[in-house]
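Going down the list, the protein sequences come from chains A and B. If you want this note's numbering, it's the 1-based position in the first sequence plus 15. If you want this note's numbering, it's the 1-based position in the second sequence plus 15.
Number of protein chains: 2
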Amino acid sequence: MKYFISALLLLAAALPANALIKTRAVEYKDGDVVLQGWGAWEDGFKDSRPGILVVHEWTGHGPYARRRAEQLAKLGFTAFAVDMYGKGVYAKDHEEAGKLAGAFFADRAMMRKRALAGLEQLRKLPFVDQSKLGAIGYCFGGTTVLELARAGADLKGVASFHGILTSPMPAAERPKAAILVLHGADDANVNPGVPGFIEEMRKVNADWQFVQYGGAVHSFTVPEAGTDTAKGMAYNKEADKRSWEAMHSFFDSLFSGGFGK
Amino acid sequence: MKYFISALLLLAAALPANALIKTRAVEYKDGDVVLQGWGAWEDGFKDSRPGILVVHEWTGHGPYARRRAEQLAKLGFTAFAVDMYGKGVYAKDHEEAGKLAGAFFADRAMMRKRALAGLEQLRKLPFVDQSKLGAIGYCFGGTTVLELARAGADLKGVASFHGILTSPMPAAERPKAAILVLHGADDANVNPGVPGFIEEMRKVNADWQFVQYGGAVHSFTVPEAGTDTAKGMAYNKEADKRSWEAMHSFFDSLFSGGFGK
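Next comes the structure, spelled out in structure tokens:
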């Protein structure tokens with residue numbers, strides 16, 4: 016306890032009195048496709064901070080992913096909410112979201128390339144420690160960050176929140192990134208792929224953790240999903256908080272050099 | 016971040032400058048059986064602290080469980096390392112451990128009663144908030160804390176580290192305790208019981224979380240188990256640290272009133 020408090024007093028002393036969260040829309044390209052992401056960071060530091068990429072759900076880059084990026088900034092990370100689909104592209108309904116995401120689910124090379132373009136933008140944000148990068152993603156975005164790990168991206172860790180786990184391009188070797196899967200135990204979209212994913216992780220001796228939240232279904236971190244679990248997508252407040260804390264602890268450990276090197 | 020730091024500064028201010036961990040051997044009885052457990056707490060508080068019961072591995076009450084109780088005391092909990100077998104009973108080898116534990120595995124009513132006798136001793140230690148109690152256990156002890164949950168014990172939460180999960184007396188209703196299972200993904204002792212356990216949790220709508228650590232086998236928190244996973248029991252430093260942090264976060268959330276009420 017004493018060590019813990021001492022470390023935190025040091026941390027408190029290192030913080031400026033009026034730390035501010037700053038945000039910035041960032042326009043960039045992947046090939047000819049114009050994209051617009053969103054950076055968020057706590058301003059006023061002289062040192063560098065770990066950077067985390069945030070990959071949106073199947074609807075596209077929007078308020079949800081930006082809110083998560085700001086939450087990460089408040090925890091002391093510099094975050095970049097990537098845009099996978101194109102500037103201003105945001106699905107108006109599930110049908111459109113399915114089409115947009117479907118193109119990437121069917122083309123994992125494109126999914127990886129588009130996410131890596133976002134990672135380059137994260138690297139350019141203020142205060143980013145280039146040696147301490149990670150990625151998180153939600154649903155479609157969870158799948159995307161797992162693809163980054165499979166691609167051998169230079170990340171310390173990736174965390175998937177209710178992402179689809181399987182891939183037609185499974186990992187061929189141990190990923191550089193430690194992998195944290197945050198899964199709703201009753202997520203019927205994801206459950207069929209769980210055994211195959213675990214087998215994939217075992218084969219390549221990945222550094223992986225898999226957390227199941229009892230009673231949680233797909234989209235358990237998304238308040239807008241409502242609370243009717245019978246629909247297969249629903250918010251679960253406890254699972255949301257617990258998975259966020261698990262993600263935070265995961266990156267704190269990875270970035271402090273404790274694990275996963 | 017600012018809120019977090021403020022909360023911690025408050026906490027730091029509430030701590031005495033020279034907080035000390037105190038320990039005490041406690042002799043007590045369950046029926047005619049004389050038992051000796053071990054209390055550990057941080058001294059010098061005027062307020063009360065959450066209490067956590069620690070249930071030992073199959074070898075019996077010994078240095079390992081006492082060390083975990085002291086670790087909990089350093090985190091600010093008052094802890095009691097229970098004695099399930101009898102004062103001074105400690106297995107000299109796996110054969111003896113198997114016999115000692117086997118009697119309890121075969122008699123879950125006795126397992127529950129013996130653990131509840133320890134819980135009464137926890138309640139009598141200094142600074143214990145009677146409304147904020149939990150239990151953790153290792154291997155045999157993990158099974159024991161799950162039995163406490165099934166028995167409806169008045170605990171906020173229980174955490175099992177590589178415990179055997181199944182029971183001939185499954186929960187008949189939703190346990191009062193939130194349940195956290197910390198499991199080695201390659202634990203051949205525990206794996207066969209995983210699907211049945213999850214089904215049991217679903218049936219009674221328990222508040223449950225299940226964490227799998229890739230590459231970890233049985234006894235992954237026990238340094239004395241060595242590192243040869245081929246033996247089926249081995250220490251895994253990352254899984255040890257990660258599971259300890261998960262347990263800490265679990266109880267912090269439960270005791271702060273955030274979840275599980």
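Idealized CB from N, CA, C, for every residue including glycine.
Separation of ALA187(B) from VAL3(B), as counted between CA atoms = This structure does not reach residue 3(B), given that chain B is present from 16 up to 276, and the question cannot be answered.
Short CB-CB distance (under 8 Å) between VAL226(B) and chain A | Residue mapping note: residue 226(B) aligns to position 211 of the second sequence, counting from 1. Cβ-Cβ to chain A under 8 Å: yes for VAL226(B).
From this set, LYS191(B), HIS233(B) and MET262(B), which residue's C-alpha is nearest LEU180(B)'s C-alpha?
-> Position 165 of the second sequence, counted from the first residue, corresponds to residue 180(B). That would be HIS233(B), whose Cα lies nearest to the Cα of LEU180(B).
Relative to the C-alpha of SER146(B), which residue among LYS191(B), ALA254(B), LEU87(B) and ALA106(B) is closest?
-> Residue numbering aside, residue 146(B) sits at position 131 when the second sequence is read from its first letter. With distances taken between Cα atoms, SER146(B) lies closest to LYS191(B).
When the Cα atoms are used, what is the spatial distance from GLY91(A) to TRP56(A)?
-> Taking the first sequence and counting its residues from 1, one reaches residue 91(A) at position 76. Taking the first sequence and counting its residues from 1, one reaches residue 56(A) at position 41. Rounded to whole angstroms, GLY91(A) to TRP56(A) spans 7 Å at the Cα level.
Taking Cβ positions only, does GLY149(A) come closer than 8 Å to chain B?
-> Start at 1 with the first residue of the first sequence, and residue 149(A) comes out as number 134. No, because no Cβ of chain B sits closer than 8 Å to the Cβ of GLY149(A).
Buried or exposed: where does HIS198(B) fall if 16 or more other Cβ atoms within 10 Å of its Cβ makes it buried?
-> On the second sequence, residue 198(B) is found 183 positions in, with the first residue counted as 1. HIS198(B) should be labelled buried.
Pick from PRO65(B), THR158(B) and GLU239(B): whose alpha carbon is nearest that of PHE266(B)?
-> Numbered from 1 along the second sequence, position 251 holds the residue referred to as residue 266(B). Closest option to PHE266(B), Cα to Cα, is PRO65(B).
Every unbroken beta strand (DSSP E) inside the region 166 to 233 of chain A [3 residues or more] | You should have 172 to 176, 193 to 199 and 223 to 228.
Hey, THR93(A) and VAL143(A): beta-carbon distance below 8 Å or not?
-> Residue numbering aside, residue 93(A) sits at position 78 when the first sequence is read from its first letter. Residue numbering aside, residue 143(A) sits at position 128 when the first sequence is read from its first letter. Yes; because the gap between Cβ atoms is below 8 Å, this pair is in contact.
From the DSSP output, which residues share a beta bridge with TYR105(B)?
-> Against the second sequence, residue 105(B) aligns to sequence position 90. Paired residue(s): none; TYR105(B) is not in a bridge.
Kindly indicate which residue of ALA130(A), GLN227(A), SER182(A) and ALA80(A) has the alpha-carbon position closest to the one of ALA203(A).
-> Within the first sequence, residue 203(A) is the residue found at index 188, counting from 1. Ranking the options by Cα distance to ALA203(A), first place goes to GLN227(A).
Element boundaries [alpha helix (DSSP H), containing PHE266(B)] = Taking the first residue of the second sequence as position 1, residue 266(B) is located at position 251. Note, PHE266(B): alpha helix (DSSP H), 252 to 270.
Could you tell me which chain B residues have their CB closer than 7 Å to the CB of MET216(A), listed as they occur along the chain?
-> Position 201 of the first sequence, counted from the start, is the residue given in the question as residue 216(A). Chain B residues near MET216(A): GLY229.
Separation of MET262(A) from GLU260(B), as counted between CA atoms = Counting from 1 along the second sequence, the entry for residue 260(B) is found at position 245. Counting from 1 along the first sequence, the entry for residue 262(A) is found at position 247. Distance between the alpha carbons of GLU260(B) and MET262(A) is about 12 Å.
Show which residues of chain A have a CB atom less than 7 Å away from the CB atom of ILE179(B).
-> Along the second sequence, one-based indexing puts residue 179(B) at 164. By Cβ distance, chain A contributes nothing, its closest Cβ being about 18 Å from ILE179(B), past 7 Å.
Please report how far the alpha carbon of LYS15(A) lies from the alpha carbon of GLY156(A), in whole angstroms.
-> In this structure chain A extends from 16 to 276, so residue 15(A) is not present and cannot be described.
In angstroms, rounded to a whole number, what distance separates the CA positions of TYR79(B) and ARG138(A)?
-> On the second sequence, position 64 is the one that residue 79(B) refers to. On the first sequence, position 123 is the one that residue 138(A) refers to. Cα-Cα distance, rounded: 45 Å.
Checking contacts by CB at 8 Å: is ASP222(A) closer than that to chain B?
-> By 1-based counting over the first sequence, the position of residue 222(A) is 207. It does: the Cβ of ASP222(A) has a partner Cβ on chain B nearer than 8 Å.
N- and C-terminal bounds of the beta strand (DSSP E) containing TYR153(A) | Along the first sequence, one-based indexing puts residue 153(A) at 138. Run containing TYR153(A): 143 to 153, per the beta strand (DSSP E) assignment.
Minimum Cβ-Cβ distance from GLU260(B) to chain A less than 8 Å | Counted from its first residue, the second sequence places residue 260(B) at position 245. GLU260(B) counts as touching chain A.
Under 8 Å between C-beta atoms of ALA96(B) and LEU131(B) | Within the second sequence, numbered from 1, the residue matching residue 96(B) stands at position 81. Within the second sequence, numbered from 1, the residue matching residue 131(B) stands at position 116. Going by C-beta atoms, ALA96(B) is not nearer than 8 Å to LEU131(B).
By the 10 Å Cβ neighbour count, where 16 or more other Cβ atoms means buried, how is ARG39(A) classified, buried or exposed?
-> Position 24 of the first sequence, counted from the first residue, corresponds to residue 39(A). So ARG39(A) ends up on the exposed side.
For ALA164(B), which of helix, strand or coil comes out of DSSP?
-> Within the second sequence, residue 164(B) is the residue found at index 149, counting from 1. ALA164(B) falls in the helix class under three-state DSSP.
Counting Cβ pairs, one atom from each stretch, are 3 or more of them under 8 Å apart for the region 44 to 53 of chain B and the region 99 to 116 of chain B?
-> yes
Which class does GLY247(A) belong to by DSSP, given the choice of helix, strand or coil?
-> Walking along the first sequence from the start, residue 247(A) turns up at place 232. Looking at GLY247(A) - three-state DSSP - the assignment turns out to be coil, as it is neither helix nor strand.
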